[in-house]
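Chemist: Okay, so the sequence shown: first residue is 26 according to our numbering, each after it adds one.
Yeah, the Cβ is synthetic: ideal placement off N, Cα and C, and Gly gets one too.
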Amino acid sequence: MSFNFRALALSAVSACAMLAGTALEARTLNIAMTPPEESHYGAAAKAFKEKIEDLSGGDITVEIKANGVLGGEREILEGMQIGSIEMGVTSTGPVGGFVPSTYVLDLPFLFKDYANARAILDGPIGQDLLDDFEPIGIMALGWAENGFRYVTNSKKPIETPEDMKDMKIRTMENDIHLGSFTALGAAPLPMSWNEVITALQQGTIDGQETPMSIFIANRIWEVQKYATLTGHFYSPSLIMMSKVHWDQLTEEEQGWVREAASAGVAANRAYVENDEKRGLEMLRANGMEVIETVDQEAFAEAVSAVYDVFTSTYGSETLEKIRAAQQ
Ligand code: EAX
Numbered sequence: 026m027s028f029n030f031r032a033l034a035l036s037a038v039s040a041c042a043m044l045a046g047t048a049l050e051a052r053t054l055n056i057a058m059t060p061p062e063e064s065h066y067g068a069a070a071k072a073f074k075e076k077i078e079d080l081s082g083g084d085i086t087v088e089i090k091a092n093g094v095l096g097g098e099r100e101i102l103e104g105m106q107i108g109s110i111e112m113g114v115t116s117t118g119p120v121g122g123f124v125p126s127t128y129v130l131d132l133p134f135l136f137k138d139y140a141n142a143r144a145i146l147d148g149p150i151g152q153d154l155l156d157d158f159e160p161i162g163i164m165a166l167g168w169a170e171n172g173f174r175y176v177t178n179s180k181k182p183i184e185t186p187e188d189m190k191d192m193k194i195r196t197m198e199n200d201i202h203l204g205s206f207t208a209l210g211a212a213p214l215p216m217s218w219n220e221v222i223t224a225l226q227q228g229t230i231d232g233q234e235t236p237m238s239i240f241i242a243n244r245i246w247e248v249q250k251y252a253t254l255t256g257h258f259y260s261p262s263l264i265m266m267s268k269v270h271w272d273q274l275t276e277e278e279q280g281w282v283r284e285a286a287s288a289g290v291a292a293n294r295a296y297v298e299n300d301e302k303r304g305l306e307m308l309r310a311n312g313m314e315v316i317e318t319v320d321q322e323a324f325a326e327a328v329s330a331v332y333d334v335f336t337s338t339y340g341s342e343t344l345e346k347i348r349a350a351q352q
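1) Taking 7 Å as the cut-off, is the CB of Pro60 close to at least one heavy atom of ligand 1?
2) Which term fits Lys74, buried or exposed, when burial requires 16 or more other beta carbons within 10 angstroms of its beta carbon?
3) Give the secondary structure of Gly46 by DSSP, where H, G and I count as helix, E and B as strand, and everything else as coil.
4) Pairs of beta-carbons, one from the region 253-267 and one from the region 106-116, closer than 8 Å: are there three or more?
5) With a threshold of 7 Å (Cβ to nearest heavy atom), would Met197 be considered close to ligand 1?
6) Between Pro236 and Arg174, what straight-line distance do the alpha-carbon atoms span, to the nearest angstrom?
7) Return yes when the C-beta of Trp168 is under 7 Å from any heavy atom of ligand 1, and no when it is not.
8) By Cβ distance, which residues of its chain are closer than 7 Å to Gln352, with the 5 residues on each side in sequence left out?
9) Which runs of the beta strand (DSSP E) spanning at least 3 residues fall entirely within the region 305-350, listed in chain order?
10) Would you call the region 116-127 and the region 178-198 in contact, with 3 or more CB pairs under 8 Å?
11) With DSSP as the reference, label Phe258 as helix, strand or coil.
12) If you draw a straight line from the C-alpha of Arg398 to the C-alpha of Ile101, how long is it?
13) Report the rounded CA-to-CA distance for Thr47 versus Glu78, giving the unit in angstroms.
14) Apply the 10 Å Cβ neighbour rule to Thr59 and answer buried if 16 or more other Cβ atoms are within range, or exposed otherwise.
15) Could you check if Thr338 is buried or exposed, using at least 16 other CB atoms within 10 Å of its CB as the buried criterion?
16) With a floor of 3 residues, list each beta strand (DSSP E) that falls wholly inside the region 175-228, ordered by position along the chain.
17) In the DSSP assignment, the beta strand (DSSP E) including Met252 goes from what residue to what residue?
18) For a test of the three-state rule: what should DSSP assign to Leu132, helix, strand or coil?
19) Are the beta-carbon atoms belonging to Leu132 and Val290 less than 8 Å from one another?
20) To the nearest angstrom, how far is the alpha carbon of Ser205 from that of Phe123?
21) Considering only residues of the same chain and omitting the five flanking positions on each side of Gly151, which have a CB-CB separation below 7 Å?
22) Can you name the start and end residues of the beta strand (DSSP E) that Gln354 belongs to?
23) Taking only three categories from DSSP, how would you classify Ile110?
24) Which class does Glu88 belong to by DSSP, given the choice of helix, strand or coil?
25) Considering only heavy atoms of ligand 1, does any lie closer than 7 Å to the CB of Ser205?
26) Confirm the yes/no value for this check: CB of Thr255, any heavy atom of ligand 1, distance under 7 Å.
27) Between the alpha carbons of Arg52 and Leu344, how many angstroms are there, rounded?
28) Could you check whether the region 216-235 touches the region 152-160, counting it as contact only if at least three pairs of C-beta atoms, one from each stretch, sit closer than 8 Å?
29) Between which two residues does the beta strand (DSSP E) containing Leu54 stretch?
30) I need the DSSP call for Glu276, collapsed to helix, strand or coil.
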């Protein structure tokens, strides 16, 4: 075990400072999320926590605030903007309302697979989008992952777009997602994740659409009967810090935060890969009827009009860059 000289040095400095009547304050960063801690977002937060506490010799500690205890994803973003929440891990669900350039990532059937999505997000296109957050008071530290989204419901198996007609499907508070499910003929209802399980239990919605990792973390089989592996959206997530708190860090500490965020992304993506491997079996073992072979072209055709709405509202520059990078 390598001896942690930084911790020893810090303790010595702290002791001297205490003796001199002042104390190096240990700082705590709360990191908020809506899923349970035992999830792909929790894996990101735990890896971030371990790395930053090690790098800072315990001078910076992390508290994980899971299960939406600090609010839904929109509230978490607003909290980071004003500094009442230090950090967050959220999907891009409500993000487009804060950083419209990210809406391009929410388009249906945009990415071919996980490798394609990660390659784009880890390159200049992804970095440019991360840079768009600082002007609104949030430091976007890295593109983590929520995963390809699938549909569940409790009314009937969904095999074709027509099967979704008039079905009350919860979507995130995201214009692109709302427009896509409207185009499918469903009756989409936008709401924060914090309200979804109760709405499913009460029957105010018939179904919802989230990635496999959210299914597993929330034991979706307890409230849903059918799943269809449409993969209709690739849902990125983000590890973020309030700029109010970022600006209070030294340059060295900011470097540690970036290093810890990279560790969080790696842990999150490994967790998603494992959930995708084990998820199908878990859903079926817990009584769900799962349709895994889906005519994605039929679904993609049914929602294709949302691309025109998107480009007429937000332009096509970034979309064209993504298409070019996918050649
Ligand atoms: O905790 O709101 C959603 O569907 C997002 O996937 C969120 O990250 C779930």
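Modeler: Put simply:
1) yes
2) buried
3) The predicted position of Gly46 is uncertain, since its pLDDT is 40 and thus under 50; a value taken from the coordinates is nonetheless stated next. Gly46: coil per DSSP, three-state reduction.
4) yes
5) For ligand 1, at least one heavy atom lies less than 7 Å from the Cβ of Met197.
6) 4 Å
7) no
8) none
9) 314-316
10) By the Cβ test, the region 116-127 is in contact with the region 178-198, since at least three Cβ pairs between them sit closer than 8 Å.
11) Phe258 falls in the coil class under three-state DSSP.
12) No answer is possible for residue 398: the residues shown for the chain start at 26 and end at 352.
13) Summary for Thr47: the model assigns pLDDT 39, below 50, so the residue's position carries little reliability; its value from the coordinates is reported in the next sentence. In a straight line, the C-alpha of Thr47 is about 22 Å away from that of Glu78.
14) buried
15) exposed
16) For the region 175-228, whole beta strand (DSSP E) runs of length 3 or above, ordered along the chain, are 194-196.
17) Going by the sequence as given, residue 252 is Ala instead of Met. Note, Ala252: beta strand (DSSP E), Tyr251 to Thr253.
18) coil
19) no
20) The straight-line gap separating the alpha-carbon atoms of Ser205 and Phe123 is approximately 20 Å.
21) Ile145 and Trp168
22) With the chain covering only 26 through 352, there is no way to say anything about residue 354.
23) coil
24) strand
25) No, since every heavy atom of ligand 1 falls outside the 7 Å radius drawn around the Cβ of Ser205.
26) Not so, every heavy atom of ligand 1 lies at least 7 Å from the Cβ.
27) 40 Å
28) no
29) Arg52 to Ala57
30) helix
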